[in-house]
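Data block below; observations after.
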Amino acid sequence: MGTTKSSVKRRREPPAASNEEAQTDGRTDTAGSNDMAEFKVQVAKHPPHQAPLRPPGEHSKDRALKRLSSESNGTSEGGAGAATPVELTALEESFRRFAIHGDTRATGKEMHGKNWSKLCKDCGVIDGRAITLTDVDIVFSKVKKKSCRTITYDQFKEALTELARKRFKEKTAEEAAEEVFKMVEGKSPIISGVTRAVASPTVSRLTDTTKFTGSHKERFDETGRGKGKAGRVEIVNTSGYVSGYKHAGSYEKKVKSPPK
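Residue 260 is where the sequence shown ends in full-length UniProt numbering, and the numbering goes up by one at each step.
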């Protein structure tokens, strides 16, 4: 009889992990279990009235988010640019002050046409002869994008350069731009006087104390100042003197006065 070869194929087993990898995995698992055990001990000792502790995994997530944020801002954690803030020029400071004027939701990175006109007026760029309010509006429409209602800081500088050519025609473009920049640098929006109340017959009837009648009239003196409790309650005189007596307190003065 001929020999028959077995057709059963042996399944290939995956290669066994090396000793170094096994040791590394063992150390990682041991470190993770130790961290969790230590975290449980800290939770048991943590006072209940304080903020709850966070597991070790949450701290690693925070570090990753911080690293991504620093990379998006152009700085690296621990790098040279991490602790170096961006210094703003005096011109950009003025741009941001006027950009956020009158708008609590403004970020200071873009400026509306109304604030642009106020900047040119408050900083003296508009002189009424070479540059008027119409010129300011035309330049604003020229430098901004068609689909936008605001201008950026770069467009703002471009607009000032355009106005500088009209304001200082006898100077070069660079010198004229520098002159206009100096007019804007370090300036802030000028706040006008406090709005005064409009005197109308309807309102004056309610606010003029000389026209009050009845018990309301007794609550104020001739100057319009409130009398306080004396204007609301009739205070009884409990001094012991009759109402017509005019020498109240004279006896006490004689007794308490030092002998001559």
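Idealized CB from N, CA, C, for every residue including glycine.
Quantities reported herein were computed from a predicted structural model and do not represent experimental measurements.
Check: Which class does G240 belong to by DSSP, given the choice of helix, strand or coil?; Outcome: coil
Check: Report the option in T104, T152, R167 whose CA atom is closest to the CA atom of M111.; Outcome: T152
Check: Measure the Cβ-Cβ separation of F220 and G228 and say whether it is below 8 Å.; Outcome: no
Check: Sorted by chain position, which residues of the same chain lie with C-beta nearer than 8 Å to A159's C-beta, five sequence neighbours on each side aside?; Outcome: W116, V139, F140, K142, V143, I151
Check: Could you check the C-alpha separation between L133 and A164 for me, to the nearest Å?; Outcome: 14 Å
Check: Hey, quick one: how far does the alpha helix (DSSP H) through Y245 stretch, first residue to last?; Outcome: Careful: Y245 lies outside any alpha helix (DSSP H) and carries neither H nor E.
Check: Kindly list the residues whose CB is nearer than 8 Å to the CB of residue 262, restricted to its own chain and excluding five residues on each side of it in sequence; keep chain order.; Outcome: One cannot answer for residue 262 here, as it falls past the ends of the chain, which runs 1 to 260.
Check: Please classify E252: does DSSP put it in a helix, a strand, or coil?; Outcome: helix
Check: Do R167 and I131 have their beta-carbon atoms positioned less than 8 Å apart in this structure?; Outcome: yes
Check: Got a sec? Which residues, its chain only, sit under 7 Å from E205 by beta carbon, not counting five neighbours each side?; Outcome: It should be pointed out that residue 205 corresponds to Arg in this sequence rather than to Glu. Hits under 7 Å: K211.
Check: Do you know offhand how far E170's Cα is from K146's?; Outcome: 32 Å
Check: With a threshold of 8 Å between beta carbons, is T238 in contact with chain C?; Outcome: Among the chains of the structure shown, chain C does not appear; only one protein chain is present.
Check: What distance in whole Å lies between the Cβ atoms of L91 and E179, which are believed to be in contact at a cut-off of 8 Å?; Outcome: Between L91 and E179 the Cβ distance is about 13 Å, and since that is not below 8 Å, they are no contact.
Check: Sorted by chain position, which residues of the same chain lie with C-beta nearer than 6 Å to E162's C-beta, five sequence neighbours on each side aside?; Outcome: V139
Check: Would you mind stating whether D122 and K187 have Cβ atoms separated by less than 8 Å?; Outcome: yes
Check: Strictly by DSSP, which residues pair up with F220?; Outcome: G226
Check: If I measure Cβ to Cβ from F95 and keep anything under 6 Å in the same chain, skipping five residues before and after, which residues do I get?; Outcome: Y153, F156
Check: Residue range of the alpha helix (DSSP H) that K166 falls in?; Outcome: 153-167
Check: So what does DSSP say about T202, is it helix, strand or coil?; Outcome: helix
Check: So within the region 95-130, which uninterrupted alpha helix (DSSP H) runs reach at least 4 residues, ignoring any that extend past its ends?; Outcome: 113-122
Check: Among S192, A177, I235, R149, which has the Cα closest to the Cα of V125?; Outcome: A177
Check: If I measure Cβ to Cβ from S183 and keep anything under 8 Å in the same chain, skipping five residues before and after, which residues do I get?; Outcome: Note that residue 183 is Met in the sequence shown, not Ser. Excluding sequence neighbours, M183 sits near C123, G124, V125.
Check: From which residue to which residue does the alpha helix (DSSP H) around K142 run?; Outcome: 133-143
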